[in-house]
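A short write-up of the structure that comes next.
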Amino acid sequence: MDKFDNYIGGQWVAADKYVENINPSDLSDVIGLYASASKEQAHEAIDAAEKASEVWGASTPQDRFNALDKIATEIFERAAELGELLAREEGKTQPEATGEVMRAGQIFKFFAGEALRLTGELVDSVRPEVDVEITREPVGVIGLITPWNFPIAIPAWKIAPAIAYGNSVVIKPAELVSGSAWALTEIISRAGLPDGTVNLVMGSGRVVGEEIVASEKVGAVSFTGSVGTGEMIRNKVVARGGKIQLEMGGKNPLVVLDDADLDTAVNCAVQGAFYSTGQRCTASSRIIVTEGIYDRFIEKISAETEALRVGDARDANTQIGPVVDEAQFNIDMNYVEIALKEGAKLVCGGTKADCGKEGYYMKPALFIDTTPEMTINKEEVFGPVASVIKVKDYEEALKVANDTEFGLSSGICTKSLKYSRDFKRRAKAGMVMVNLPTAGVDYHVPFGGRKGSSYGNREQGSYAKEFYTIVKTSYIWAQ
Ligand code: UN1
285 MDKFDNYIGG
295 QWVAADKYVE
305 NINPSDLSDV
315 IGLYASASKE
325 QAHEAIDAAE
335 KASEVWGAST
345 PQDRFNALDK
355 IATEIFERAA
365 ELGELLAREE
375 GKTQPEATGE
385 VMRAGQIFKF
395 FAGEALRLTG
405 ELVDSVRPEV
415 DVEITREPVG
425 VIGLITPWNF
435 PIAIPAWKIA
445 PAIAYGNSVV
455 IKPAELVSGS
465 AWALTEIISR
475 AGLPDGTVNL
485 VMGSGRVVGE
495 EIVASEKVGA
505 VSFTGSVGTG
515 EMIRNKVVAR
525 GGKIQLEMGG
535 KNPLVVLDDA
545 DLDTAVNCAV
555 QGAFYSTGQR
565 CTASSRIIVT
575 EGIYDRFIEK
585 ISAETEALRV
595 GDARDANTQI
605 GPVVDEAQFN
615 IDMNYVEIAL
625 KEGAKLVCGG
635 TKADCGKEGY
645 YMKPALFIDT
655 TPEMTINKEE
665 VFGPVASVIK
675 VKDYEEALKV
685 ANDTEFGLSS
695 GICTKSLKYS
705 RDFKRRAKAG
715 MVMVNLPTAG
725 VDYHVPFGGR
735 KGSSYGNREQ
745 GSYAKEFYTI
755 VKTSYIWAQ
C-alpha cells in the first residue's frame, strides 16, 4: 500500500501514524495510507512557513506569476487523472470531479494574473509637500483548514491568493480527502517556490488544526467547514489578535414563482439540491414554491428526482455519487427520520440505494408539505435531501427565504424583471441567483455569505486581497 507523507519546509516528511483513504463508492478500495501529523510536525510546518515568508514576501510579481502559472498549467494537463482521484476519494461523479480540477487550474491562472495587478494608491497629504502612499503587504503565515466536499478547488482558492500576495501557507486538508491535497502539493513542490512557502500537514483537526489556530506565528486563518468548528476557531483566533475568515453552512432557498419556466425551475432545483450528492454549502435545500405552479412543479420534480441514477462515482452512467462516509450517511438518514416524524411527506428516495457494491449510496430524498418551522427547513443536512414549502405569493416566498440563520446563496426562478430585481435587493444572502441553481459559482468573483454562513472578508476574485494582505499607509515629506 502506497504511503503519502506530509510536506514540510520543502521536504517530504514521514509521520508516526497513517490513515486509510477509502473510496465511498467501494469500501474495499483503499486509495492509500496518508500521514496523520503530530503536534510537533504541525509546529515544524509553522516554523518553516515563518522562515519562508521572509523570502517569499520579498519575491517579485514575476516570481509569483511564474509559480502560479506553472501550477495551473500542470493541473490542466493532468485534469482527467486528478479528476479520477477526486471522484474516487470523495464520491462526486467523474464529470463533476474533473470540472472541479479545472476550476482549481483556473483559480491558479486567475491569481497568477492578480499577482501582476496588485497596486497601491498615491494620495496628496493634507500637509504641504507630503505624499501619502497606501500599499499592501503580505500577512505572513496563513493557516488553511479545508473541508472534504471540494478536495482540490477549496485548497486552490485559499492557497493561490495566499501565495500570489506573498504569504506562506500551512494547509490542513480534511482527513477524508487527503489524496487531492497531496497531489496538489506535489505539483506545487515543483513550481520553484522557496522551501517552506507551502506546507502540507495532513492529520486531525484536534491535533493539527488546533496548533494552527493557537499559534501566534500564524497571522491569519481561513476555514471552510461546519458552523460549530468555525465558531470555535473564530473565538480562539480573534482572542489572540489574528485575522479570520470563515465559510460555514447554508440552508439555501430556491424560490419558484408562478411565472417561472417550469423546465428551468425543476432543473435548477434538481441540480442545486442533489448534484454533488447535495454536499455543498450552496445546495438548494429549501424549495419555496408559489401556489399557482405548485402542482405542476411537484409532478415534474418528483419524476426527475426519482429518475436520478445513483451509483459509483466513476461509472459514466452515474448522476449522483455516494455520500462521503458512514458518519455523513447516518446524519442524512437521521434527518429523513426527523422530517417524517415532524409530518413532512416523503415523495421519493430517502433510503439506502443498492448499487451492487458496498458503498454509502443514498436515493435523493424529496419532501413536500413541509413548513418553515420544521427541523428539515432549519438545519443544514449536507446530503441529498431537499424539502418543498408551498407559499401564497412572492412576498411570502421572500419572507420564508430570508427566515433562516444562514445567508449564503439565495435563488429565484421567474420571468418577472420586477420580482427578480426586488429579490436581488432584499434577499439576505451573500449571493443571489436568478434562473440558475444556488450552487455552482464562477471562479473570478467574490464568494461568501451573511449571517451564520460566513465571517470576515470575501474569498475569491480580486476581493481575496482584503484577507490575504495588510494595508500600510506611508507618509513621505520631500525634504
Ligand atoms: C459551488 O457551489 O460552486 O463548501 C461552490 C462549499 C462551498 C463551495 C461551493 N464553499 O460547498
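With my numbering applied, the sequence shown covers 285 to 763.
Quick reminder that beta carbons are idealized off the backbone N, C-alpha and C, glycines included.
Since the model is a prediction, treat every value here as computed from it, not as a measurement.
Does the separation of the CB atoms of residue i and residue j fall below 8 Å?
i       : j       : result
Val-502 : Ile-517 : no
Val-669 : Asp-609 : no
Glu-750 : Gly-732 : no
Pro-412 : Thr-430 : no
Gly-367 : Gln-529 : no
Leu-592 : Pro-648 : yes
Asp-545 : Lys-676 : no
Ile-673 : Leu-541 : no
Ala-351 : Ala-475 : yes
Val-511 : Gly-736 : yes
Ile-571 : Ala-553 : yes
Thr-469 : Tyr-291 : yes
Glu-626 : Thr-659 : yes
Ile-652 : Lys-683 : no
Ala-713 : Ser-738 : no
Thr-753 : Arg-420 : yes
Gly-450 : Glu-664 : no
Asn-305 : Gly-316 : yes
Gly-487 : Ala-321 : yes
Lys-641 : Asp-347 : no
Ala-437 : Arg-387 : yes
Trp-296 : Asp-289 : yes
Give a single yes or no on whether residue i has its beta carbon closer than 7 Å to a heavy atom of the ligand UN1.
i       : result
Val-725 : yes
Phe-507 : no
Cys-552 : no
Pro-422 : no
Cys-639 : no
Pro-232 : In the structure as shown, the chain starts at 285 and stops at 763, and residue 232 therefore has no counterpart that could be examined.
Arg-564 : yes
Asn-433 : yes
Ile-438 : yes
Glu-531 : yes
With a threshold of 8 Å on Cβ separation, who are the neighbours of residue i within its own chain once the five nearest residues in sequence on each side are excluded?
i       : result
Val-230 : In the structure as shown, the chain starts at 285 and stops at 763, and residue 230 therefore has no counterpart that could be examined.
Phe-349 : Ala-396, Gly-397, Ala-399 and Leu-400
Asp-687 : Pro-656
What distance in whole Å lies between the Cβ atoms of residue j and residue i, which are believed to be in contact at a cut-off of 8 Å?
i       : j       : result
Val-454 : Ile-622 : Going by Cβ atoms, the distance from Val-454 to Ile-622 rounds to 38 Å, so no, they are not a contact pair.
Ser-452 : Gly-480 : 6 Å
Ala-231 : Thr-566 : As displayed, the chain neither begins before 285 nor continues past 763, which places residue 231 out of reach and without an answer.
Lys-323 : Val-491 : 6 Å
Glu-373 : Gly-489 : Going by Cβ atoms, the distance from Glu-373 to Gly-489 rounds to 18 Å, so no, they are not a contact pair.
Lys-376 : Gly-605 : 5 Å
Leu-477 : Trp-340 : 7 Å
Cys-639 : Gly-595 : 5 Å
Val-385 : Ile-443 : Not quite, the Cβ-Cβ distance comes to about 14 Å (not below 8 Å), so this is no contact.
Pro-345 : Leu-402 : 7 Å
Just to confirm my understanding: we take residue i, look at its own chain, exclude 5 residues before and 5 after, and list those with CB closer than 6 Å. What are they?
i       : result
Phe-666 : Gln-563
Gln-603 : Leu-592 and Arg-593
Gly-427 : Val-454, Ile-496, Val-502 and Val-505
Thr-635 : Lys-647
Glu-531 : Thr-508 and Ser-738
Ala-711 : Ser-694
Glu-334 : Val-425 and Lys-501
Ile-472 : Ile-355 and Val-482
Ala-446 : Ile-426, Val-453 and Tyr-752
Quick one: what's got a C-beta closer than 7 Å to residue i's C-beta in the same chain, skipping five residues either side?
i       : result
Thr-382 : Ala-363, Ala-364 and Gly-367
Trp-441 : Ile-391, Glu-743 and Gln-744
Trp-761 : Glu-413 and Val-414
Ala-356 : Gly-389, Phe-392, Lys-393 and Ala-396
Thr-757 : Val-416 and Ile-418
Gly-294 : Asp-479 and Gly-480
Leu-369 : Gly-463, Ser-464 and Ala-467
With respect to 7 Å, is the separation between the Cβ of residue i and the closest non-hydrogen atom of the ligand HEM below this value?
i       : result
Asn-290 : No copy of the ligand HEM occurs in the structure displayed; its ligands are the ligand UN1 alone.
Worksheet item: Which runs of the beta strand (DSSP E), 3 residues or longer, sit entirely within the segment 685 to 716?
Response: 693 to 697
_Restricting to runs no shorter than 3 residues, where is the beta strand (DSSP E) found entirely within the segment 548 to 591?_
Complete beta strand (DSSP E) runs here, min 3: 568 to 574.
Length-filtered (4 minimum) alpha helix (DSSP H) runs lying within the segment 504 to 549
511 to 523
query: Taking only runs of the alpha helix (DSSP H) that begin and end inside the segment 314 to 396, which ones reach a length of at least 4 residues, in chain order?
result: Restricting attention to alpha helix (DSSP H) runs no shorter than 4 residues, the segment 314 to 396 encloses them at 323 to 341, 345 to 361 and 363 to 374, ordered along the chain.
- Message: Which runs of the beta strand (DSSP E) at least 3 residues long sit entirely within the segment 438 to 510? Give them in chain order.
- Response: 452 to 456, 482 to 484 and 502 to 508
Item checked: Completely contained beta strand (DSSP E) runs for the segment 631 to 660, where each covers 3 or more residues -> 649 to 652
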